[in-house]
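Q: Can you read through this structure? Questions will come right after.
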Amino acid sequence: MIPVSLLILALTRPPAPAPPLAIVHATVVPMDAERTLERYTILVQDGRIAWLGPDSSAEIPSEARVIDATAKWVLPGLADMHVHSGAGDFPAFVANGVTTIREMNGAGEHLELRNAVREGRVLGPSMIVTGPLIAGEEQRWRHAMARTPDDGRALVAEQARLGFDAVKIYDGLTRETYDAIVEASAAAGIQFVGHVPRGVGLERVLESGQRSIEHAGQIAHAVASTDSAALAEVGRRIARSGAWVTPTLASEEALSRRGTPWFAERLARPEVMLVDPGLVDWWRSLGEGMPETAAAERRRAYREGTAALVRALLDAGVPLLAGTDTPNPLMIPGFSLHEELAALVAAGLTPYEAIRGATAEAGRFADMEAEFGTIRVGARADLVLTDADPLADVSSLARPTAVVLRGEWLPRERLDGLLGEALAEVGAESR
Ligand SMILES: [Zn+2]
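Residue numbering for the sequence shown follows the working numbering, beginning at 1103 and increasing consecutively.
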């Protein structure tokens, strides 16, 4: 790994105000409802959407750069609501239209990056950053340990003071420690999100006001039933609690398919070259020596458990967030969000419902609807342009023809340039 400070340096540029942008003749998909606005103009100024309306009533400033978006669809920039990332991942996020990320195991470097992006010093997605995950037992990755209620209270107070956006609940917490974290979070005015610790259970998580539950598998495990009536009931309970669920379906599906030709084919894709070789070795090792029968069993468990649960959540009206859990196996920054959208559609969501989880629901979840998630006047100018209708097929989002990031116009050539530079960085690191 090269130090994050060097990566920041590579991506850093002086904050320069982008010239006004006029995107004309577009088919706008605002994502505030299932609708498209034909022959529309979007004016972007100072990094914000300054005006939105029909071409016929647009007044375009003379100094504006005009983009003819005839036969293009324009959507809000996408949000990956569950990532573990660093600055080195930013080019891949941006090149895939991911303009917001929620970092789920934050550290000081993420707070620095969040501020640098906000101030225009670094080209990257806007960030929501949870504190280091709070666990009750030792983990393989970075974590903060809370063995007692006092530990929990102290960690919440510290994370709130440092400026994290939320507290991340993790495995192994006891009921008493969880309750202390809940109480301390309310006192500090910070949200708490995350897993369903076994010692706490789904009932308590739902009544505590936990803002999001991560991984459909966490819920499936707590329910321990694939009976459709049981799944429908848990859907109703979660809907009543007001919690959002981030199913991380693509990640769970990839894990369910390790050891299969499907998994091997994904490992051979060119974008895997963007990933740190050490991580790819770990991904590869997961499938080795796995008997076919075990793979088939895991595949069945995924379909009948996780994917069926997500359909039940949707039917019950539970708001869903699109999250990838990158860099879990095969989850490549940016690229994997398109896998997640496809997995949500395969589980029964319409394209509109799936894309909502990466746009409007993300903004609503973060209490930042005025800022991102829909195309509206005053919002951050984060946009994605496509050549085909994403409401007919989410895969048309997978290689955007252009991205607008905080008002900056990034056409496909520029996005490919960013990917090329990122590839060179990975190559230099592994030599
Ligand atoms: Zn995660």
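Backbone N, C-alpha and C fix where the C-beta goes; we use that ideal spot for every residue, glycine too.
Any idea if THR1395 is buried or exposed, counting beta-carbon neighbours within 10 angstroms, 16 or more meaning buried?
A: Exposed: under 16 other Cβ atoms inside 10 Å.
Q: Considering only heavy atoms of ligand 1 and the C-beta of each residue, which residues fall inside 5 Å, strictly closer?
A: Ordered along the chain, the selected set is MET1206 and ASP1427.
Q: Give the DSSP bridge partners of PRO1178, in chain order.
A: Beta-bridge pairing links PRO1178 to LEU1485.
Q: Assign ARG1204 to one of two classes, buried (16 or more other C-beta atoms within 10 Å of its C-beta) or exposed (fewer than that).
A: ARG1204 should be labelled buried.
Q: To the nearest angstrom, how far is the alpha carbon of ILE1104 from that of GLU1531?
A: Caution is warranted here: a pLDDT of 41 is assigned to ILE1104, below 50, making its placement in the model unreliable, and the coordinate value is therefore given only provisionally. Cα to Cα, ILE1104 sits roughly 6 Å from GLU1531.
Q: Grab the span of the beta strand (DSSP E) containing VAL1377 for me, first residue to last.
A: Unbroken run through VAL1377: none, as it is neither H nor E.
Q: Using DSSP with H/G/I as helix, E/B as strand and the rest coil, what is HIS1127?
A: Three-state DSSP puts HIS1127 in a strand.
Q: Helix, strand or coil: how does DSSP classify GLY1529 here?
A: GLY1529 falls in the helix class under three-state DSSP.
Q: Counting C-beta neighbours from all protein chains within 10 Å, is the total for GLY1243 16 or more, i.e. buried, or is it exposed?
A: Looking at the sequence provided, one finds Trp at residue 1243 rather than Gly. TRP1243 is exposed by the Cβ-count criterion.
Q: Could you give the uninterrupted runs of the alpha helix (DSSP H) lying entirely in the stretch 1451-1529, keeping only those of 4 residues or more?
A: List check, alpha helix (DSSP H) in window: 1453-1458 and 1462-1467.
Q: Please return the same chain residues whose Cβ sits closer than 7 Å to the Cβ of VAL1106, not counting the five positions on each side in sequence.
A: With a pLDDT of 49 at VAL1106, under the threshold of 50, the predicted position of this residue should be treated as unreliable, though the coordinate-derived value follows. Correct list, in chain order: GLY1188, ALA1189 and GLU1211.
Q: Look at the alpha carbon of GLY1179 and the alpha carbon of VAL1496, and state the distance between them as a whole number of angstroms.
A: Spanning the two alpha carbons is a distance of roughly 14 Å.
Q: Mind checking whether VAL1506 and VAL1146 have CB atoms under 9 Å apart?
A: Yes, they are a contact pair.
Q: Where does the unbroken alpha helix (DSSP H) through SER1287 begin, and where does it stop?
A: Its alpha helix (DSSP H) spans residues 1277-1290.
Q: By how many angstroms is the C-alpha of GLN1320 removed from the C-alpha of PRO1513?
A: Answer to the nearest angstrom: the Cα atoms are 39 Å apart.
Q: Would you check if there are 3 or more beta carbon pairs closer than 8 Å linking the stretch 1323-1337 to the stretch 1408-1415?
A: Because the criterion of three Cβ pairs below 8 Å is met, the stretch 1323-1337 and the stretch 1408-1415 touch.
Q: With distances taken between CB atoms, is the gap from ILE1236 to LEU1257 smaller than 9 Å?
A: In this structure, LEU1257 lies closer than 9 Å to ILE1236 by Cβ.
Q: What's the gap between the Cα of PRO1349 and the Cα of PRO1421?
A: Taking the straight line from one Cα to the other gives about 11 Å.
Q: Using DSSP with H/G/I as helix, E/B as strand and the rest coil, what is GLU1161?
A: Residue state, collapsed to three classes: coil.
Q: If you draw a straight line from the C-alpha of ALA1290 to the C-alpha of ALA1259, how long is it?
A: In a straight line, the C-alpha of ALA1290 is about 7 Å away from that of ALA1259.
Q: Pick helix, strand or coil for GLU1309, following the three-state DSSP scheme.
A: DSSP places GLU1309 in helix when its eight states are reduced to three.
Q: In whole angstroms, what is the alpha-carbon distance linking ASN1217 and ARG1368?
A: Each residue's Cα considered, the two are about 34 Å apart.
Q: Which residue marks the beginning of the alpha helix (DSSP H) containing ARG1139, and which one marks its end?
A: Before going further, note that residue 1139 is Leu rather than Arg in the sequence given. Segment 1139-1147 is the beta strand (DSSP E) holding LEU1139; no alpha helix (DSSP H) there.
Q: Taking the alpha-carbon positions, what's the ARG1466 to TRP1364 distance?
A: Cα to Cα, the separation comes out at about 35 Å.
Q: Would DSSP call PRO1122 helix, strand or coil?
A: The answer is coil: DSSP assigns PRO1122 none of H, G, I, E or B.
Q: Whose CA, out of LEU1351, GLY1311 and HIS1323, lies closest to the CA of ILE1340?
A: When each option's Cα is compared against that of ILE1340, the closest is GLY1311.
Q: Between LEU1139 and the rest of its own chain, which residues show a CB-CB distance below 6 Å, the 5 nearest in sequence each way excluded?
A: For LEU1139, where only same-chain residues beyond five positions count, the Cβ hits under 6 Å are VAL1130.
Q: Report back the beta-carbon spacing between ALA1194 and PHE1437 to the nearest angstrom; my notes put them in contact at under 8 Å.
A: Yes, ALA1194 and PHE1437 are in contact; Cβ-Cβ is about 7 Å, under 8 Å.
Q: Kindly indicate the opening and closing residues of the beta strand (DSSP E) around GLY1155.
A: From DSSP, the beta strand (DSSP E) with GLY1155 extends over 1150-1156.
Q: Taking 8 Å as the threshold, find out whether the stretch 1446-1463 comes into contact with the stretch 1122-1129 through three or more Cβ pairs.
A: Judged by Cβ distances under 8 Å, the stretch 1446-1463 makes no contact with the stretch 1122-1129, as fewer than three pairs qualify.
Q: For PRO1372, count neighbouring C-beta atoms within 10 Å of its own C-beta (all shown protein chains included) and say buried if the count is 16 or more, exposed if not.
A: Exposed, by the Cβ-count rule.
Q: Tell me, to the nearest whole angstrom, how far the beta carbon of LEU1439 is from that of THR1426; I am working on the premise that it is less than 8 Å.
A: Yes, they are in contact, since the Cβ atoms of LEU1439 and THR1426 sit about 6 Å apart, within 8 Å.
Q: Answer with buried or exposed for ASP1252, where buried requires no fewer than 16 other C-beta atoms within 10 angstroms of its C-beta.
A: With fewer than 16 Cβ atoms within 10 Å of its Cβ, ASP1252 is classed as exposed.
Q: Reducing DSSP to helix, strand and coil, say where GLU1239 ends up.
A: Three-state DSSP puts GLU1239 in coil, outside helix and strand.
Q: Specify the secondary structure class of ASP1427 as computed by DSSP and reduced to three states.
A: The answer is coil: DSSP assigns ASP1427 none of H, G, I, E or B.
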